[in-house]
Each structure stands twice: as structure tokens, then as C-alpha cells.
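Under the numbering used here, the first residue of the sequence shown carries the number 6, and numbering increases by one thereafter.
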Amino acid sequence: MNIEKIKYFIDLVECRNFTETAKKNFVSQTTISQQIASLEKEFDLPLIDQKQIPIEPTQAGWLFYSEAQIIWKQYNHMKAKMANFQQHHTQTLSIEYAAITDMQSLVRFIPTFKENYPNIQLELSKVLLKDIPEFLQKGIYDVAIAFDSAFKGKDTIRTYPLYEGRYCAIVSREHPLFHKKAVSKSELYAYPLVMLNPTVIGDSYYLMIQHALKDGYQPNIIRTVDDIETELFHILTENLIGFFPDNQQIAYGEDEIRLIPIEDSHHIFKIEIGYAKENKNPALHLFLRQIRDSFSQ
Numbered sequence: 006m007n008i009e010k011i012k013y014f015i016d017l018v019e020c021r022n023f024t025e026t027a028k029k030n031f032v033s034q035t036t037i038s039q040q041i042a043s044l045e046k047e048f049d050l051p052l053i054d055q056k057q058i059p060i061e062p063t064q065a066g067w068l069f070y071s072e073a074q075i076i077w078k079q080y081n082h083m084k085a086k087m088a089n090f091q092q093h094h095t096q097t098l099s100i101e102y103a104a105i106t107d108m109q110s111l112v113r114f115i116p117t118f119k120e121n122y123p124n125i126q127l128e129l130s131k132v133l134l135k136d137i138p139e140f141l142q143k144g145i146y147d148v149a150i151a152f153d154s155a156f157k158g159k160d161t162i163r164t165y166p167l168y169e170g171r172y173c174a175i176v177s178r179e180h181p182l183f184h185k186k187a188v189s190k191s192e193l194y195a196y197p198l199v200m201l202n203p204t205v206i207g208d209s210y211y212l213m214i215q216h217a218l219k220d221g222y223q224p225n226i227i228r229t230v231d232d233i234e235t236e237l238f239h240i241l242t243e244n245l246i247g248f249f250p251d252n253q254q255i256a257y258g259e260d261e262i263r264l265i266p267i268e269d270s271h272h273i274f275k276i277e278i279g280y281a282k283e284n285k286n287p288a289l290h291l292f293l294r295q296i297r298d299s300f301s302q
């Protein structure tokens, strides 16, 4: 399969019409139509429902789009690594993370690593937490830094712990619990909650619910959102309670919003380095060796 077909299909799904897709790729609309028809012939499946305006992928088309995105990422990572080696004779180590809290554990380690290995170039990319294990397993990234929940049950991924902490309740100044130094489980679960959407954080959402059930309570989650900024908005405007890690940095003063420890709770977490067992990148093994040396001190 020509890799350009994949790019055309991705762009068509995202542009939602043939004309804009053709302009984006500096080709004719006929070329785009022919390449999409070629894909459909190759798989013997309709991928685009052209009767819809704007156009929509079919069910098979959405499946192909999901896989095509991964292949296109892999292809571009490969091109970048080869170009970098050709120009600078350096190795590349690609790192994925989902939140700033992931990177906080690593920042103090990076300068020493770069000093020791100046020929290894680090490339960082922020991705959704739910995508972290799949991207590692498919070789799109060499290393992931994320909550341990992202790696649970993934036998092809090895991990190394960087930080261990607890989730806290986060509330606004208008919330009845705002002035508490710590909250009990009964106090916590007496109020409605907001959480990040499972389409964003994947299994971490369900693990949080499991932790609540282990605490002996059914959490009253009345809203899910796609990012931390929106979560904070609803905490501030609707007096909902959120769950944040104890090392989370908040862009609000303590007179507006507070992280409060939860007494005797199962809501604990680890920040871990994850990597695929089969990854043969020499830069990865140097990175891991220095990680172990640095964090074991």
C-alpha cells in the first residue's frame, strides 16, 4: 500500500470534503477520489459514505481511520529518526506523556542525561492517557511516563517506578469541605463528583471507581470532561469535587481552590516509566540505566 493513500484518507476524514483535501495535499480532486477508491477496492469495503454532506466515513472507514493514524505516526517517527541520524549521526529517543505531573518526576534527571549522552536526542509528545500503552506496543514511542494505571495488565510492557503518591479531593472555596485539613471517606462521597472522561484516561477512570468501591462507597459522578482545565471550571462553578494527584500544580491560589488529603483511602497512584519489552533502540537502554542509577540514590 502506498503510504500517501493513508495520508489522503486521514485528511479526507478530517477535512470532510474532497476539494479541501486536494488543496491540502497539492493534488487534484480526481487524484484523491482515485486513491480512496483504490483503498476501498483493496479492502473490498466502502470506507466513505459520499451520500453524506459533509462526507462521513462508514463504520469500516472509522476503523481504518483509527489504524491509519497509528501507521502515519509510525511512518513520520521513522522518517524523523532516519533524517536525524543522517544529518547529525545522533540517536533519537521518543517519549510520550499524558500530563505535566508525569514530567515533573523526570525534569531533574534530563540535564544529566543530556550531558552524559549528547548524541541522543529526546523528542517529547503529549498524548491521551488511554493511548499510551497502544502507542508503546506499536513502536510509535520508545518510552512512556504515566500513571501506573495506564500499564496495568499489559504483559508486553515493562515499568519502573518514579514517584508514588495519593489522590486528593479538590474543591473550590464555596464548597463546604474547603476549610478541612483532611476529609473522611464518608465526607468525600457525600458530594457529587467530576472526573476526566474514560475516552481520555481509559482504564484509569474505572480503576478510580474500583478504588471508591474498595473504600466502601459508590461514587456519585455527575459529570465527565475531556481535560483538566474544564474539570477545574466545573469544580469552581458547580461546587463539584474532583480527584487530583497530590503533586498536581494548580493555576489558582489556595484562597480559590484547594487539594485536600483523603483519610485512609485506596486512592493511591504511581508515576512510572513504561517501555515495550521488544524495543531494541540502544538509546532506550542507556536512558533506562541512568534512570535506575538516578532514582535509586
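Glycine included, every Cβ here is placed at the ideal spot set by N, Cα and C.
Spell out a yes or no on whether the segment 126-136 and the segment 178-196 are touching, meaning 3 or more CB-CB pairs, one atom from each, closer than 8 Å.
Too few Cβ pairs lie closer than 8 Å, so no.
Less than 6 Å between C-beta atoms, sequence neighbours within five positions excluded: which residues of the same chain meet that for residue 78?
As a position in the sequence shown, residue 78 is number 73, starting the count at 1. Answer for residue 78: 145, listed in chain order.
Where does residue 131 fall in DSSP's three states?
On the sequence shown, position 126 is the one that residue 131 refers to. If DSSP states are grouped into helix, strand and coil, residue 131 belongs with the strands.
Report the CB separation of residue 76 from residue 171 in whole angstroms; it is logged as a contact under 8 Å.
Your numbering for residue 76 matches position 71 in the sequence shown. Your numbering for residue 171 matches position 166 in the sequence shown. About 39 Å separates the two Cβ atoms, so there is no contact after all.
Might you give, ordered along the chain, the residues of its own chain that have their beta carbon closer than 7 Å to the beta carbon of residue 29, omitting 5 neighbours on each side?
In the sequence shown, residue 29 corresponds to position 24, counting from 1. Here the set comprises 16 and 20.
So which of 231, 233, 238 and 191 has the shortest CA-CA distance to residue 217?
For the purposes of this step, residue 217 is taken as residue 212 along the sequence shown, with counting starting at 1. When each option's Cα is compared against that of residue 217, the closest is 191.
From residue 33 to residue 27, what does the alpha carbon distance come to, in whole angstroms?
Here residue 33 refers to the residue found at position 28 when the sequence shown is read from its first residue. Here residue 27 refers to the residue found at position 22 when the sequence shown is read from its first residue. Looking at the two C-alpha atoms, the distance is approximately 5 Å.
Tell me the DSSP secondary structure of residue 155 in three-state form.
The residue you call residue 155 lines up with position 150 of the sequence shown. Here residue 155 sits in helix by DSSP.
Near residue 206, what residues of its chain come up, given a Cβ to Cβ distance below 7 Å and the 5 sequence neighbours on each side ignored?
Here the question's residue 206 lines up with position 201 in the sequence shown. The residues are 134 and 135.
Going by alpha carbons, who is nearest to residue 80 out of 9, 109 and 68?
Along the sequence shown, one-based indexing puts residue 80 at 75. Comparing Cα positions, the closest option is 9.
Could you name the residues that DSSP lists as bridge partners for residue 166?
Counted from its first residue, the sequence shown places residue 166 at position 161. Answer is 277.
Quick test of the definition: if touching needs 3 or more C-beta pairs under 8 Å, does the segment 273-285 touch the segment 151-164?
yes
So, residue 137 versus residue 111, is the Cβ gap smaller than 8 Å?
Along the sequence shown, one-based indexing puts residue 137 at 132. Along the sequence shown, one-based indexing puts residue 111 at 106. No; because the gap between Cβ atoms is not below 8 Å, this pair is not in contact.
Output the distance between the C-alpha atoms of residue 147 and residue 213, rounded to the nearest integer angstrom.
Working through the sequence shown from its first residue, we reach residue 147 at position 142. Working through the sequence shown from its first residue, we reach residue 213 at position 208. Answer to the nearest angstrom: the Cα atoms are 27 Å apart.
Assuming residue 263 is part of the beta strand (DSSP E), what are its boundary residues?
Counting from one through the sequence shown, the residue named residue 263 turns up at place 258. Its beta strand (DSSP E) spans residues 262-266.
Which residue marks the beginning of the alpha helix (DSSP H) containing residue 43, and which one marks its end?
In the sequence shown, residue 43 corresponds to position 38, counting from 1. Run containing residue 43: 34-48, per the alpha helix (DSSP H) assignment.
Check residue 65 in the structure and name its three-state DSSP category.
Taking the sequence shown and counting its residues from 1, the one referred to as residue 65 is at position 60. Of the three classes helix, strand and coil, the one that applies to residue 65 here is helix, per DSSP.
Is the CB-CB distance between residue 275 and residue 153 below 8 Å?
The residue given as residue 275 occupies position 270 in the sequence shown. The residue given as residue 153 occupies position 148 in the sequence shown. Yes, these two residues count as a Cβ contact at 8 Å.
Specify, as a first and last residue, the run of the alpha helix (DSSP H) that residue 112 falls within.
Translated into positions along the sequence shown, residue 112 becomes position 107. Segment 105-112, the alpha helix (DSSP H) holding residue 112.
Thinking residue 246 and residue 174 are a contact (beta carbons under 8 Å), I'd like their distance in whole angstroms, please.
Indexing the sequence shown from 1 puts residue 246 at position 241. Indexing the sequence shown from 1 puts residue 174 at position 169. The C-beta distance from residue 246 to residue 174 rounds to 5 Å, short enough to meet the 8 Å contact threshold.
Out of 194, 55 and 240, state which residue places its alpha-carbon closest to the alpha-carbon of residue 219.
Taking the sequence shown and counting its residues from 1, the one referred to as residue 219 is at position 214. When only C-alpha atoms are compared, the closest one is 194.
From the DSSP output, in three-state form, read off residue 248 for me.
Counted from its first residue, the sequence shown places residue 248 at position 243. It is a strand residue.
Residue 98 and residue 127: beta carbons closer than 8 Å?
Walking along the sequence shown from the start, residue 98 turns up at place 93. Walking along the sequence shown from the start, residue 127 turns up at place 122. Closer than 8 Å, so yes.
Using the rule of at least 16 other Cβ atoms within 10 Å of the residue's Cβ for burial, across every protein chain shown, is residue 31 buried or exposed?
Counting from 1 along the sequence shown, the entry for residue 31 is found at position 26. Residue 31 should be labelled exposed.
Classify residue 314: buried if its beta carbon has 16 or more other beta carbons within 10 angstroms, exposed otherwise.
No answer is possible for residue 314: it lies beyond the span of the chain, which begins at 6 and ends at 302.
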